[in-house]
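Here the sequence shown is numbered in the numbering used here, starting from 15 and rising by one per residue. A virtual CB, placed ideally from N, CA and C, is assigned to each residue, including glycine. Predicted model only: the values in this text are computed from it and were never measured. Just below is one structure, and these are the notes that go with it.
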Amino acid sequence: MVGVIRQRIRDDRRSSGIAGLDFQLDGGFPKGRSIVVCGGALSGSELIAGQFWRTDRSGGSTYLMLDAV
15 MVGVIRQRIR DDRRSSGIAG LDFQLDGGFP KGRSIVVCGG ALSGSELIAG QFWRTDRSGG
75 STYLMLDAV
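Right, here's the structure in full:
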(Lines of atoms letter the chains of each structure in order from A and count residues from 1; the text may use other names and numbers.)
(Lines give C-alpha, C1' and ligand atoms only; values in the text may rest on other atoms or scores of the structure.)
Protein backbone atom coordinates (compact mmCIF):
# COMPACT_ATOMS: atom_id res chain seq x y z
CA MET A 1 0.00 0.00 0.00
CA VAL A 2 1.46 3.37 -1.00
CA GLY A 3 1.95 5.94 1.74
CA VAL A 4 1.74 3.50 4.65
CA ILE A 5 4.16 4.17 7.47
CA ARG A 6 5.22 1.00 9.19
CA GLN A 7 5.41 1.41 12.92
CA ARG A 8 8.86 0.52 14.19
CA ILE A 9 9.34 0.84 17.93
CA ARG A 10 12.80 0.12 19.28
CA ASP A 11 13.40 -1.36 22.74
CA ASP A 12 14.84 1.93 24.00
CA ARG A 13 11.84 3.94 22.78
CA ARG A 14 8.18 4.41 23.74
CA SER A 15 5.55 4.92 21.11
CA SER A 16 4.00 8.36 20.91
CA GLY A 17 0.78 6.70 19.76
CA ILE A 18 1.05 8.42 16.38
CA ALA A 19 2.74 6.28 13.69
CA GLY A 20 3.97 9.22 11.62
CA LEU A 21 5.52 10.91 14.66
CA ASP A 22 7.16 7.65 15.77
CA PHE A 23 8.66 7.37 12.29
CA GLN A 24 10.09 10.90 12.53
CA LEU A 25 11.41 10.19 16.05
CA ASP A 26 13.20 7.01 14.90
CA GLY A 27 10.85 4.74 16.80
CA GLY A 28 9.20 6.96 19.42
CA PHE A 29 10.19 8.94 22.49
CA PRO A 30 13.42 7.87 24.28
CA LYS A 31 12.66 5.88 27.45
CA GLY A 32 13.72 7.39 30.75
CA ARG A 33 13.81 10.94 29.44
CA SER A 34 11.77 14.05 30.08
CA ILE A 35 9.96 15.21 26.96
CA VAL A 36 8.48 18.69 26.67
CA VAL A 37 5.92 19.33 23.95
CA CYS A 38 5.01 23.00 23.68
CA GLY A 39 2.30 24.56 21.63
CA GLY A 40 -0.34 27.21 21.65
CA ALA A 41 -4.07 26.74 21.47
CA LEU A 42 -5.17 24.26 18.78
CA SER A 43 -1.56 23.28 18.02
CA GLY A 44 -2.14 19.56 18.58
CA SER A 45 -0.13 19.19 21.78
CA GLU A 46 -3.20 17.83 23.60
CA LEU A 47 -3.67 15.26 20.82
CA ILE A 48 -0.09 14.07 21.18
CA ALA A 49 -0.43 13.83 24.97
CA GLY A 50 -3.71 11.92 24.72
CA GLN A 51 -2.39 9.43 22.18
CA PHE A 52 0.78 8.86 24.21
CA TRP A 53 -1.26 8.25 27.37
CA ARG A 54 -3.66 5.83 25.65
CA THR A 55 -0.92 3.72 24.07
CA ASP A 56 1.29 3.36 27.16
CA ARG A 57 1.69 -0.38 27.61
CA SER A 58 5.03 -0.28 29.41
CA GLY A 59 3.67 -1.16 32.83
CA GLY A 60 6.03 1.43 34.26
CA SER A 61 5.30 4.86 35.58
CA THR A 62 4.35 7.74 33.33
CA TYR A 63 3.89 11.33 34.41
CA LEU A 64 1.97 13.54 32.03
CA MET A 65 1.30 17.22 32.69
CA LEU A 66 -0.61 19.57 30.42
CA ASP A 67 -0.52 23.32 30.77
CA ALA A 68 -2.00 26.03 28.60
CA VAL A 69 0.60 28.26 26.98
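- In the DSSP assignment, the residues bridged to phenylalanine 43 are Arg28.
- Annotation for alanine 55: no alpha helix (DSSP H) segment contains it, and DSSP assigns it neither H nor E.
- Where leucine 35 is concerned, the enclosing alpha helix (DSSP H) starts and stops at 33–38.
- Taking 8 angstroms as the cut-off, the Cβ atoms of glutamate 60 and leucine 78 do not count as close.
- Between aspartate 26 and aspartate 36, the alpha-carbon positions lie close to 13 angstroms from each other.
- Taking C-beta atoms under 8 angstroms as the contact rule, isoleucine 62 and serine 30 qualify, at a distance of about 6 angstroms.
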